[in-house]
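Participant:
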Amino acid sequence: MKSRIAVLLGVLALCAGTANAAEQEDTFTIPESGADYVDGKKLSKLMERADPKAATNIGWLYARGQGGVKQDYEEAMKWWRFAASRGYTPAMNNLGLMHANGDGVAQSFEEAFKWWMRSAERGDAWAMNAVGDMYETGQGAPKSPELAMTWYREAAREGDPLGMWNVGHLYEEGLGTDPNAAEASQWYRRAAEIGYPSAMLSLARLLSRAGGEPHDDVEAYALLNIAVSRFTEEHADEAKASRELLQDLGRRLTAEQKLAAESRRNVLDGEYRRPEKQGKDGSSI
């Protein structure tokens with residue numbers, strides 16, 4: 011299993027903008043389409059508003075150098091600190107991102123952890139995953155798979171598919187708990203049911219594992235067909251892995267099994283949620 015911190019930072023590039031955090035788009039908080047604060051000419055008016063959401067988006071403009079202002083990380087962080095002081099979790103997530111990536115400040119995963127913990131304690135599911143990841147990897151926080159499991163479960167309770175996937179991952183790998191493939195499969199399926207392609211791939215891998223329990227090649231084949239159709243261009247590696255496993259299973263299945271898998275796929279494809287938009291990790295925005 012590859013290091014999760016690298017995956018986390020990729021997700022961060024998508025997630026820092028939404029308080030409920032499943033996954034978002036671009037590096038920082040995204041100004042809403044058509045919102046007045048996207049227009050840099052109206053910045054001065056918004057600065058008087060002292061609204062944390064507006065302040066967070068002003069910070070985004072400075073971080074990106076858009077809306078008629080020059081890129082200025084220090085100015086961006088000033089606005090995010092203001093919004094964070096008002097309890098606005100997307101701003102906290104952004105500040106953590108700046109420290110994790112070393113943008114405008116010296117890189118410090120410890121400082122990133124502090125901001126994400128503040129956000130997680132206020133109920134932000136994305137930050138819960140970030141905190142869990144740092145406990146899992148020991149980067150920015152003492153390594154503790156048990157605490158990682160605690161925070162992933164909190165994210166899962168918020169209905170976050172990445173949190174569900176993370177819980178399944180720990181059960182499958184036996185991190186912070188005894189290995190339990192059956193429990194892992196249940197968590198992967200919960201994430202898959204709400205449209206998370208990465209969970210479909212993980213569940214298919216688990217179900218198709220030689221000598222594994224539970225084992226169901228037909229179900230795995232159906233899941234992989236759905237995953238392949240739902241991964242976006244940004245998920246090229248996972249899409250490729252899904253296709254390769256699909257081909258391998260295709261050589262093992264009989265014609266009758268393939269027909270059964272196609273029927274099962276049609277059922278699952280209709281039941282599994284279709285997010286309007288996905289982040290780079292496959293989660294719904």
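Residue numbers (the working numbering): 11 to 295.
Every residue, glycine too, gets a C-beta built ideally from N, C-alpha and C.
(1) Look at the alpha carbon of glutamate 164 and the alpha carbon of alanine 135, and state the distance between them as a whole number of angstroms.
(2) Beta-carbon separation of leucine 185 and proline 155 under 7 Å?
(3) Just checking my contact of alanine 194 with tyrosine 181 at CB under 8 Å: how many whole Å lie between their CB atoms?
(4) Residues in its own chain within less than 8 Å of alanine 270 by CB, not counting five upstream and five downstream?
(5) Buried or exposed, going by whether 16 or more other CB atoms sit within 10 Å of the CB of glutamate 146?
(6) Among the residues of its own chain, which have a CB less than 7 Å from the CB of arginine 253, if the five just before and after it don't count?
(7) What residues in its chain sit with their C-beta under 6 Å from that of phenylalanine 92, if we drop five residues either side in the sequence?
(8) Along the alpha helix (DSSP H) that carries lysine 268, what are the first and last residues, could you check?
(9) What whole-angstrom Cβ distance do tryptophan 175 and serine 208 have, given they're in contact under 8 Å?
(10) Tell me the residue span of the alpha helix (DSSP H) that contains tyrosine 83.
(11) Find out if the Cβ-Cβ distance for the pair glycine 114, tyrosine 72 is shorter than 7 Å.
(12) Excluding sequence positions up to five away, which residues of its chain have a Cβ less than 8 Å from the Cβ of phenylalanine 241?
(13) Cα separation between alanine 60 and tryptophan 70?
(14) Could you say which of Asp143, Ala232, Ala220 lies nearest to methionine 210 if we only look at CA atoms?
(15) Please return the same chain residues whose Cβ sits closer than 6 Å to the Cβ of valine 141, not counting the five positions on each side in sequence.
(16) Consult DSSP for alanine 135 and reduce its assignment to one of helix, strand or coil.
(17) Indicate whether alanine 192 and alanine 214 have their beta-carbon atoms separated by less than 7 Å.
(18) Let me make sure I understand the geometry here. Which of Lys80, Ala166, Ser118 has the alpha-carbon closest to that of alanine 151?
(19) Can you list, in chain order, the stretches of the alpha helix (DSSP H) that have 4 or more residues and sit fully within the segment 145–186?
(20) Which of helix, strand or coil does DSSP assign to proline 100?
(21) Just the Cα atoms here: how many angstroms apart are glycine 169 and aspartate 143?
(22) Between the alpha carbons of tyrosine 98 and alanine 265, how many angstroms are there, rounded?
(23) On the CB-based measure, 16 or more other CB atoms within 10 Å of its CB, does alanine 10 come out buried or exposed?
Facilitator: Working from what's here:
(1) 7 Å
(2) yes
(3) 4 Å
(4) Val228
(5) buried
(6) Val238
(7) Ala65
(8) 265–281
(9) 6 Å
(10) 83–95
(11) no
(12) Pro207, Glu248, Ala249, Ser252, Gly292
(13) 15 Å
(14) Ala232
(15) Trp126, Met127, Ala130, Trp161
(16) helix
(17) no
(18) Ser118
(19) 155–167, 171–183
(20) helix
(21) 18 Å
(22) 55 Å
(23) Since the first and last residues shown for the chain are 11 and 295, residue 10 lies out of range.
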